[in-house]
Amino acid sequence: MKADRDGDDGEIRHESVFRERWRDRQSAATRPGELIKQQGWINAGLVTLGVLSAAGAVAAGTVSAAQTEALPAVAQGTTVTATRDGGTPPARGAAARFRDASGTTQGAVVVEVTATAVTAQLQRPASEPAGELVVPKGRQRLISVLLPRLR
Numbered sequence: 015m016k017a018d019r020d021g022d023d024g025e026i027r028h029e030s031v032f033r034e035r036w037r038d039r040q041s042a043a044t045r046p047g048e049l050i051k052q053q054g055w056i057n058a059g060l061v062t063l064g065v066l067s068a069a070g071a072v073a074a075g076t077v078s079a080a081q082t083e084a085l086p087a088v089a090q091g092t093t094v095t096a097t098r099d100g101g102t103p104p105a106r107g108a109a110a111r112f113r114d115a116s117g118t119t120q121g122a123v124v125v126e127v128t129a130t131a132v133t134a135q136l137q138r139p140a141s142e143p144a145g146e147l148v149v150p151k152g153r154q155r156l157i158s159v160l161l162p163r164l165r
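As numbered in the working numbering, residues 15 to 165 make up the sequence shown, in order.
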């Protein structure tokens, strides 16, 4: 450690020799106007990060996610009737699922669609009559799901 005596007020100022050598070593390796020399891998890492971000944005813009709608339904044997309240109707022959009040889920196929009801055929009789019919509603782009305010 070096000690310098300040001439005006007699105060002793200490400065670390290690710090001075480190500062000289760091500034000797830089060009004029450059504060810190960057490691070589930093540029490669930034380029990789940029490429991955661009690929993620493209994927989010092109990939779509399926949407479903749960409709209140009543089952009788292997037939389920659900009430619908507008919106996009499911297509005939579309795969659906019936979930009863106990949480048991089984597959179904949409056989009839009207303005107010959807009828589906179950694979086997339902154990409980009340439940909900989960039908496909359509598809939505993944970017709209993740960032809904960007429409």
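Idealized CB from N, CA, C, for every residue including glycine.
As the structure is a prediction and not an experimental result, all values here were calculated from the model.
For R163, same chain residues with a beta-carbon under 7 angstroms away, outside a window of 5 residues either side, do not exist. The Cβ-Cβ distance between S78 and L156 falls below 8 angstroms.
With a threshold of 16 other beta carbon atoms within 10 Å, V149 meets it and is buried.
If only complete runs of 4 or more residues are kept, the region 46 to 103 shows the alpha helix (DSSP H) at 54 to 76, in order along the chain. For a cut-off of 8 angstroms, the C-beta gap from Q120 to Q137 is around 6 angstroms, short enough to register as a contact. When the beta-carbon positions are compared, E146 and P104 stay at least 8 angstroms from each other. Taken in chain order, the complete beta strand (DSSP E) segments of 3 or more residues contained in the region 105 to 156 are 109 to 114, 119 to 127, 131 to 136 and 144 to 155.
A131 is a Cβ neighbour of T95, given a cutoff of 8 angstroms. Annotated as proximal: V124 and A108, with beta-carbon spacing under 8 angstroms.
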